[in-house]
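Written below as C-alpha cells is the structure these notes are about.
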Amino acid sequence: MTERQTAALNGGSPLLDLIEESRKECEQTQKELKEIQVLIQQSSAEVDKLVQRSSQITTKVHQMETNIDTYPRQDIKETYSAAKEAQTRLFMMRGQLEQLQSKQQNLEKYAEYLRKFLEVSEQIAYTGPSAEGGASVGEQTIVRIIEAQENERLHLSRQMHDGPAQSLTNLILQAEICERLFDVDPARARIELGNLKNAVNTTFQKTREFIFDLRPMMLDDLGLIPTLKRYVQDFEEKSGLSTNLTIMGRERRLPPHTEVTIFRVVQGLFKNISQHANATHVQVNVNLEGGDIGVSVEDDGSGFDVVDAMASVRQRKTLGIAAMQEQVGMLGGQINFESSLGRGTKVRLEIPAVG
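Under numbering that gives the first Met the number 0, the sequence shown has 200 at position 201, and the numbering climbs by one with no breaks.
The following block contains the structure:
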C-alpha cells in the first residue's frame with residue numbers, strides 16, 4: 000500500500016467507511032455462497048437417491064401391471080401409494096434444489112457487483128483528496144450512483160427470488176404433480192388442478208403488484224396524485240391500517256423526476272410503517288399550493304429516537320433514510336423527521352415545484 004493510500008485510509012472519510020462496509024458485505028456474501036454450496040450438494044445427493052428409489056418403484060409397478068391378477072388388492076394399493084409418494088418427494092426435492100441454485104446465481108451476481116464497486120470506489124478513494132481537502136463533487140456523485148445501483152439490484156434480486164421466481168417454481172412443481180396424478184388418481188388430480196388454477200391467479204396478482212412497485216405505469220400516464228390515491232387505497236386494503244390522503248390545491252402534473260421522487264419517498268415511508276411502526280392510522284397530506292410541493296406522512300405508531308436514527312444515517316447504517324435524504328436533496332428539497340418513542344412519527348418534505 001502506498002503512502003497516499005495509507006493517508007487516505009487514516010482520513011476516515013465517508014467513502015472509506017462505505018468501502019469497509021462493502022468489504023464486510025462481500026465477506027458475508029462469500030460465506031453465504033459456501034453455505035448454499037453445501038446445501039446444494041446435500042440436496043443433489045438426496046435427489047439422486049430419490050431418483051433411484053422412484054426408478055425401482057416404477058419398475059415394480061410395471062412388473063405388477065404385467066401380472067396384475069396375481070397380486071393381492073392391498074399390495075397393488077400399497078405399491079401405487081409408494082410410487083405416488085416417491086414421485087411427490089422427488090418433485091419437492093427438485094424444487095428445493097432449483098430454489099437453492101437460483102439463490103446461488105443471484106448471490107454470485109451480487110458478489111460480482113460488489114467486487115466491481117469496491118474496485119471503482121477504491122480507485123477513487125486512493126487517488127487522494129481534491130485540492131479543497133476533500134472528495135470532489137464528481138467523486139461523491141459517482142459513489143452515490145454506484146451505491147444506489149447496487150442497492151437497487153440487490154433489492155430487485157431478493158424481490159424476484161422471494162416473489163415471482165419462488166411462485167413460478169411452485170407452479171411448475173404443482174403442474175408436474177397433476178400430470179403424474181392423472182395416471183394414478185384422477186380424482187385427486189382434479190383437486191390438485193383446481194389448486195393449481197388458484198395458485199396461478201395468486202401468482203398473477205403478485206406479479207402485477209411487483210410490477211407496480213417497480214414502476215407504476217400510471218405514474219407516467221396520469222401523474223403523481225392518481226398514483227398516490229391508488230397506492231394508499233391498496234395499502235389500506237392489504238395492511239388493514241386506516242389510511243387517509245388529503246390533497247390541498249389544484250391537482251396538476253409535476254416534472255417527472257419530481258413525481259418519481261415524491262412517490263418513492265412515500266412508498267418507502269409506508270413500507271417502514273407497515274414493518275416497524277405498529278400503527279393503526281396513517282395520514283398523508285399533499286400541498287400543491289405555492290411554489291414548493293409539501294408532503295407529510297404521519298402515523299400513530301411506536302415512534303423512534305430521531306437523534307439515534309440520524310446518527311445511524313451518518314454512519315451509513317440506515318440506508319432507507321439516507322436514500323430519502325439524498326433523493327430529496329438532489330432536487331433542492333428538504334426532508335425532516337419528527338418522532339419520539341410511543342408518540343408516532345411525522346415526516347415532512349418540501350421540494351421545489353420546478354427542479
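Glycine included, every Cβ here is placed at the ideal spot set by N, Cα and C. In this text, all values refer to a predicted model and were calculated from it rather than measured experimentally.
{"Asked": "If you follow the beta strand (DSSP E) that Asn-335 is part of, which residue opens it and which one closes it?", "Found": "333–338"}
{"Asked": "Could you have a look at Asn-284 and say whether DSSP puts it in helix, strand or coil?", "Found": "strand"}
{"Asked": "If you draw a straight line from the C-alpha of Ser-273 to the C-alpha of Gly-319, how long is it?", "Found": "14 Å"}
{"Asked": "Bridge partners of Asn-243, per DSSP?", "Found": "Gln-282"}
{"Asked": "Give me the DSSP bridge partner(s) of Ile-292.", "Found": "Ile-350"}
{"Asked": "Distance, Cα to Cα, Glu-120 vs Leu-89?", "Found": "The question names Glu, but residue 120 in the sequence shown is Ser. Rounded to the nearest angstrom, the two C-alpha atoms are 46 Å apart."}
{"Asked": "Whole angstroms is fine: what's the gap from Tyr-109's alpha carbon to Glu-31's?", "Found": "12 Å"}
{"Asked": "Give the straight-line distance between the Cα atoms of Leu-170 and Gly-289, rounded to the nearest whole angstrom.", "Found": "52 Å"}
{"Asked": "Excluding the 5 residues preceding and the 5 following Leu-180 in the sequence, name in chain order all residues of the same chain whose CB lies nearer than 8 Å to its CB.", "Found": "Lys-83, Arg-187, Ala-188, Glu-191"}
{"Asked": "Please classify Gly-239 as buried or exposed, where buried requires at least 16 other C-beta atoms within 10 Å of its C-beta.", "Found": "exposed"}
{"Asked": "Excluding the five sequence neighbours on either side, which residues of its own chain have a C-beta within less than 7 Å of the C-beta of Val-242, listed in chain order?", "Found": "Looking at the sequence itself, residue 242 is Thr, so the reference to Val does not match. Val-231, Phe-234, Glu-235, Val-281."}
{"Asked": "Note down the Cα distance separating Arg-263 from Val-37, rounded to an integer number of angstroms.", "Found": "39 Å"}
{"Asked": "Who are the near neighbours of Arg-347 in its chain, counting only those whose CB is closer than 6 Å to its CB and skipping five residues on each side?", "Found": "Ser-295, Asn-335"}
{"Asked": "Comparing C-alpha positions only, which one of Ile-292, Pro-351, Ser-338, Gln-326 sits nearest to Met-247?", "Found": "Ile-292"}
{"Asked": "Contact check, Leu-96 vs Ile-39 under 8 Å by CB: the rounded distance?", "Found": "7 Å"}
{"Asked": "Would you mind sorting Gln-324 into buried or exposed? The rule is 16 or more other CB atoms within 10 Å of its CB.", "Found": "buried"}
{"Asked": "Which of helix, strand or coil does DSSP assign to Glu-131?", "Found": "Unreliable placement is indicated for Glu-131, whose pLDDT of 46 sits below 50; no coordinate value is reported for it."}
{"Asked": "Taking all protein chains shown into account, do 16 or more other C-beta atoms lie within 10 angstroms of the C-beta of Glu-250, making it buried, or fewer, making it exposed?", "Found": "exposed"}
{"Asked": "Consult DSSP for Asp-298 and reduce its assignment to one of helix, strand or coil.", "Found": "strand"}
{"Asked": "Relative to the C-alpha of Lys-205, which residue among Ser-101, Cys-25, Gln-165, Gln-98 is closest?", "Found": "Gln-165"}
{"Asked": "Should Glu-297 be labelled buried (16 or more other beta-carbon atoms within 10 Å of its own) or exposed?", "Found": "buried"}
{"Asked": "Is the distance from the Cβ of Ala-276 to the Cβ of Thr-344 below 8 Å?", "Found": "yes"}
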